[in-house]
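Heads up, the sequence shown is in this note's numbering, so the first residue is 1 and it goes up one at a time. By construction, the Cβ of each residue, glycine as well, lies at the ideal position given by its N, Cα and C atoms.
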Amino acid sequence: MDFREIKDVLVSFPGVIDTPKGEVMKIMKKSDPEFVNFGEAYFSVVRKGMIKGLKRHSRMTCNLVVPAGSVTFLLFDDRKGSGTFGFVQRVNLSRSQYKKLTIPPGVIYGFIGEEENNIILNIADIEHDPDESQNLPVDSGIFPGDLWKS
């Protein structure tokens with residue numbers, strides 16, 4: 001499979017400040033170009049080898065960081081009007097290579113834990129609304145099983 005960058009999916013480096021007493025891991029500020037609004041923030045835990053998702057939001061923009069562990073995300077552009085419709089992108093977020101992943105509405109995504117304990121923080125632009133998202137089975141065929149292997 002040829003992985004490609006998906007339009008409007010951003011991988012950014014929010015920054016880490018090293019201090020003698022421990023690091024400060026930045027996440028997001030309202031002056032960031034990908035900041036839209038604040039709806040809620042939550043943690044999701046995924047165990048090693050476990051796949052969570054697949055999810056397609058119709059209105060929510062997700063801003064994801066992994067402050068502990070390592071998580072691989074697979075994304076599929078399901079937006080028919082997008083110039084990258086049908087593209088698949090793989091992004092790894094981890095504590096050791098600290099980055100933020102911004103996923104716009106309409107992009108299907110799922111993720112797999114790479115270490116024993118993995119924590120994801122999502123800063124979403126709207127509050128959770130079960131009617132605005134669609135859950136898809138992992139075996140739906142969007143991502144063949146071998147794509148989950150690094």
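Rounded to whole angstroms, what is the Cα-Cα separation between R4 and S96? Translated into the one-based positions of the sequence shown, residue 4 becomes position 4. Translated into the one-based positions of the sequence shown, residue 96 becomes position 96. Near 23 angstroms, if we compare the C-alpha coordinates of S96 and R4.
Between the stretch 104-114 and the stretch 74-92, do three or more beta carbon pairs fall short of 8 angstroms? yes
My guess is that K100 and M28 are in contact by the Cβ rule of under 8 angstroms, so how many angstroms apart are they, rounded? Walking along the sequence shown from the start, residue 100 turns up at place 100. Walking along the sequence shown from the start, residue 28 turns up at place 28. Contact between K100 and M28 holds, since their C-beta atoms are separated by about 7 angstroms, short of 8 angstroms.
What residues match up with L64 in a beta bridge as DSSP calls it? Within the sequence shown, numbered from 1, the residue matching residue 64 stands at position 64. In the DSSP output, where bridge partners are listed per residue, L64 has L101, N122.
4-residue-minimum alpha helix (DSSP H) runs that sit fully inside the stretch 27-95, ordered along the chain: none
Put G106 into one of helix, strand or coil per three-state DSSP. Locating residue 106 in the sequence shown gives position 106, counting from the first residue. The answer is coil: DSSP assigns G106 none of H, G, I, E or B.
Out of A124, H128, E132, P137, which has the shortest C-alpha to C-alpha gap to V65? Along the sequence shown, read from residue 1 onward, the residue named residue 65 stands at position 65. Of the listed residues, the one whose Cα sits closest to V65 is A124.
Would you call V16 buried or exposed, if buried means 16 or more other Cβ atoms sit within 10 Å of its Cβ? The count along the sequence shown starts at 1 and reaches residue 16 at position 16. It is exposed - the Cβ of V16 has fewer than 16 other Cβ atoms within 10 Å.
D131: which of R56, Y98, V91 sits nearest, CA to CA? As a first step, residue 131 must be located in the sequence shown, where it is residue number 131. Comparing Cα-Cα distances from D131 to each of R56, Y98, V91, the minimum goes to R56.
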